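Report on the following structure.
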Amino acid sequence: MSQEQKFETVIGLEVHAQLLTDSKIFAVSGATSGKTPNSLTDSVTLGLPGCLPVLNRRVVDFAIKLGLATNCSIQKMSTFSRKHYFYPDLPKGYQISQYDLPLCKDGFVEYRLNGELKRVNLTRIHLEEDAGKNIHGESDGISYVDLNRAGVPLVEIVSEPDMRRPEEAGAYLKQLKQILRYTEVCDANMEDGSLRCDANVSVRPIGQTELGVKVEIKNLNSFKFVERAIQHEVERQIAVIESGGTILQETRLFDEQKGTTRSMRSKEEAADYKYFPDPDLPPLIVDSEWIGKIKDSLPELPNEIYNRFINYYKLDAYTVEILTLESFIARFFEQAVAAHNNPQAVSNWITSELFGRLNKEGLSIMDSPVSPENLASLVRMIDEELISGKIAKTVFDEMFESGSSPESVVEKKGLKQLSDPDILDKVISQILEKNPKQLEEYRSGKDKMFGFFVGQVMKETEGRANPVMVNDILKAKLA
Amino acid sequence: MSELTSLTTSEMRAKLLSGEISSMELVSAHFDRIEETSDLNSFITLVKDQALKNAESADIIIKEKGSNSGLFTGIPVAIKDQLVTKGIETTCGSKMLKGFIPPYDCTAVKKLKDAGAIIVGKTNQDEFAMGSSNEYSAFGPVKNPWDNSRVPGGSSGGSAAAVASGQSPIALGTDTGGSIRQPAGLCGIYGMKPTYGRVSRYGAVAFASSLDQIGPFARSVKDLALTLQTISGLDSNDATSVKDKVPEFVKELESWESKDLKGIRFGIPKDLMSGGLEDSVSNSFNEVISRLVKLGAEIVEISLPHASSSLAAYYITAPAEAASNLARFDGIRYGHRSSSYHSLQELYEKSRAEGFGKEVKRRIMIGSFVLSSGYYDAYYKKAQQIRTLVINDYKAAFMNSCDVVLTPVSPTVAFKLGEKTSASPLTMYLADIFTVPINLAGLPGISIPTSLSPEKLPIGMQCVGPLFSESLLLGVASVFEREFKFPVTQRTTGRIN
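Heads up: the protein sequence lines correspond to chains C and S, in order.
Residues in the first sequence are numbered from 60 upward in steps of one, following the working numbering.
Residues in the second sequence are numbered from 395 upward in steps of one, following the working numbering.
This is the structure:
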């Protein structure tokens, strides 16, 4: 029995997501990223004396939307507190964050792992403001502060310790990302920091009911790192226990170069944030009308679309997984199927040819030069035997290059399938006449010469001959 | 010329509109008075050139628009340095903000400016509004216009002294625990702390956010009403400002011209009156009561059982919020930064140690302590519970017993400079006993000068009403004004010593 089998891992995630509102959570400045440092600031964002925060109601809309999409109960009353610490990127000396009374409570997220449906319960989702960024000048030794990000709205999504393996944490996080993107609440990009994750990890001997001492891991900047860091931390904790040591409650940083974690601060060194209710912000009151309005605006969620695609289109799980990864892929697929009802073929074209080309060009399906309608037309032309599958690939390439419809490509390049029996009859007769030696061989029992004649017909017709008809006519003539 | 500094703003307006005087003359007269009485040290910053330029424009506006011009067109005002003013240095009486020039106007200031008022300068105050004597200013103490050796009260001592001495007809202050009412009382003028939320706090540098309110000082109740009406109202920049429509205070005041106090019940909180009153204040209070009875008022004894715990609750709540609000003064973006430091931590420590004065540091330390983990429940949380009880006490009193709660503003007349700063800080805190509960309860309170003590120092009374009862308080004050005829203009001309 390996060491890991003697222990059970317990994982909970705290996920921060930046909301895609136009302006900041308590100020009028824009909340977009990538602008000149300190260009998205104002008196409130700079924490100038006398300034007061005023809650942006769009932020609440977004958080309610996410709360509903994750099955939370939306609290009629929630409050904001101040979390104090000194750092140059924190202009007021405190961060405004929901503390004892969060906006959303008691939700859950369902995700699939290796075909199995699993659930992670959510303790809470609360609102808070982001901090700015310190930039340390390498050449001049001076530290700079950029407050563009300060006050950008965040939600913190806190899970219960419901995950037992690193892959579960990864799969839950991916599901969360999918929900955030479907609801258009957050673009959920870990590399850009619009989605951030801290993991609480502990281990306990199998059979033990109480939880082990938990360690918080920070600095997990990609999905890959989340799983890798947890895996490493689990191994580290087991090794410590096995060698007779005890786990310290602490915060550890993941080192992505080494793939290990190192201690950042112990529980004793943890800051006293001196939380207290922010007197500048009255309690946030959300009535059922507000919640109802957001509920009505909820899009179809990833798991709902997944189940519908499986049941309605009868596609396999793997294909549906890909088609529902992003709402706009699902939308592309459904638009194409609406134009030509062959879900299987349409999905094949999307997941193989279209994705192949898009990936190669580094494009998203939203920027696809081939529209869903044109892709549907292409599939229809194959289904109606106007073109062969092989020709279709050439047509598709041309569609991708020029953005043209398949009809116009076929027309322009003369690629339409040859299905006229008279023409085919004539072509085949000529081929047989031109190749008496091969005809002789066939007649003397060399069956494989049949393929030679088919090949010659295709060559003569530049691949446009209807292969089924060619077969039939050839067979008749050679009989 | 010098009598211009004794006029109320309504009198000034009449003379400006009739062409009898120009704004230029009016503003100049006030600067002359400021110069003449500069020993008071009531201003931290004066903006004479700008004010005179504005007076020039005001005269043109008055000529063009006449009575359609803003109510305060061409009239000088003084602004407490706790309120940010666009382009005018705003220090809050602290070395920390020396040289800080705000890029925006406090909402209340902007409303006065929009009504045509001309800012003459920024008034002196206790540092970050923490103090009851104006001695905790980084720019030196303010002196009481009635007696140069005494304090004007605080924290808005500069505003009170400016109005009492004829340096400005009206002024704005802030009141967190009595900082408008107490100096108004000690300087013999009118001052009001409006209901919490009545006036936007945007641009008032926060001391204790749940207690702070901006309010006016004036030498007449009508001026007080005019100023309050101008600065009140919902502000989208302050989530705690209230939606309620602002009453027409001045119009409603007119209905009191023919009224006495018949049927108005004045509650005397026996729990608060149980000691510590100076004889002259106590005598004056009793005299006021007997005069009120003659004016038809009903005097009832009321019980505010938790009011005596107010000081304790206040001196936990206010420092806690102050410690938090003052965290932004870290020397990073604005304000004082130490000239030598070797680490970020040292930058913070030295900048704050050098920038803040001792009373501010004391309150930051108390505040940090009561909010720290392990002590929060015993102090901060407990203080909030007391606060709720105090609120309920007043609610019950107004519901069952009285219309107005009457107390002196301060247990003493203006005390000597240095008298309380040399003693335990608690001595100073005790001066706030009558004013502090009102901030805890969010109620409106008005300070009304009623008489002079034997040593010729002003004594003021405080009337407190239910939430949003400013109109009632102004009305009651106008009756006091008519009946007591306090000599508000006694120090607006002539020598001050």
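Backbone N, C-alpha and C fix where the C-beta goes; we use that ideal spot for every residue, glycine too.
Remember, it's a predicted structure, so these values are computed and weren't measured experimentally.
- In this structure, C:E219 lies away from C:H185, with their beta-carbon atoms at least 8 Å apart.
- Within the segment 128-147 of chain C, the residues whose Cβ lies closer than 7 Å to any Cβ of chain S are, in chain order, R141, H143, F145, P147.
- The continuous alpha helix (DSSP H) containing C:I482 extends over residues 480-493.
- Note on geometry: alpha-carbon atoms of S:L671 and S:P805 lie some 5 Å from one another.
- Between S:R592 and S:S626, the gap from beta carbon to beta carbon is short of 8 Å.
- Here S:N786 is actually not in contact with S:L605; their C-beta atoms are around 18 Å apart, not less than 8 Å.
- In the displayed model, C:V118 falls within a helix according to three-state DSSP.
- At least one C-beta of chain C is nearer than 8 Å to the C-beta of S:A633.
- Judged by DSSP in its simplified three-state form, S:G761 adopts helix.
- Ranking C:G448, C:T310, C:T410, C:D456 by CA distance to the CA of C:P428 puts C:D456 first.
- For the set S:D433, S:P852, S:L851, S:E864, the Cα lying nearest the Cα of S:L620 is the one of S:E864.
- One Cα belongs to S:H730, the other to S:S745, and the distance between them is close to 6 Å.
- Distance from the CA atom of C:L382 to the CA atom of C:F392, rounded to whole angstroms, is 7 Å.
- The beta carbon of C:S102 sits closer than 8 Å to some beta carbon of chain S.
- In the three-state scheme derived from DSSP, where H, G and I count as helix and E and B as strand, S:T439 is classed as strand.
- Take the alpha-carbon of S:P713 and the one of S:L566: they are about 23 Å apart.
- Residues of chain C whose Cβ lies closer than 8 Å to the Cβ of S:L491 are, in chain order, P108.
- Closest in alpha carbon position to S:I658, among S:Y530, S:L800, S:Y769, is S:L800.
- The segment 519-535 of chain S and the segment 405-414 of chain S do not touch, with fewer than 3 CB-CB distances between them shorter than 8 Å.
- Listed along chain C are G106, P108, P150, K151, G152, each with a C-beta nearer than 8 Å to that of S:R722.
- Given a length threshold of 3 residues, each whole run of the beta strand (DSSP E) inside the segment 238-313 of chain C is given here in chain order: 254-264, 274-279.
- For C:L105, the closest of C:R255, C:V211, C:V69 by C-alpha to C-alpha distance is C:V211.
- Under the 10 Å beta carbon count, C:R324 is surrounded by fewer than 16 other beta carbons and is classified as exposed.
- The beta carbons of S:L837 and S:V870 sit about 14 Å from each other, so the pair does not count as a contact at 8 Å.
- Within 10 angstroms of the beta-carbon of S:P588 lie 16 or more other beta-carbons, which makes it buried.
- Around the CB of S:V421, 16 or more other CB atoms lie within 10 Å, so the residue is classed as buried.
- Apart from sequence neighbours up to five positions away, the residues of its chain that approach C:S447 with a beta-carbon distance below 8 Å are I441, Q476, G522, R523, N525, P526, ordered along the chain.
- With respect to the 8 Å criterion, S:A598 and S:Q476 are classified as neighbours on the basis of their beta carbons.
- Counting only runs of at least 3 residues, the segment 630-703 of chain S fully encloses the following beta strand (DSSP E) elements, listed from N- to C-terminal order: 659-663, 692-696.
- Among the residues facing chain S, C:F335 is included, as its CB has a counterpart in that chain under 8 Å away.
- Of all residues in the segment 319-350 of chain C, only D331, K333, F335, P338, D339, L340, P341 place a beta-carbon less than 7 Å from a beta-carbon of chain S.
- Taking the beta carbon of S:A598 as reference, the chain C residues within 8 Å of it are G109, listed in sequence order.
- S:R407 carries a helical assignment under DSSP once its states are collapsed to helix, strand and coil.
- Residue environment analysis places C:E175 among the exposed positions, since fewer than 16 neighbouring C-beta atoms fall within 10 angstroms of its C-beta.
- Taking S:S543 as the centre and dropping the five residues before and after it, the same chain places the C-beta of K810, L811 closer than 7 Å to its C-beta, in chain order.
- Using a Cβ-Cβ cut-off of 7 Å, S:S766 is close to D331, K333 of chain C, given in chain order.
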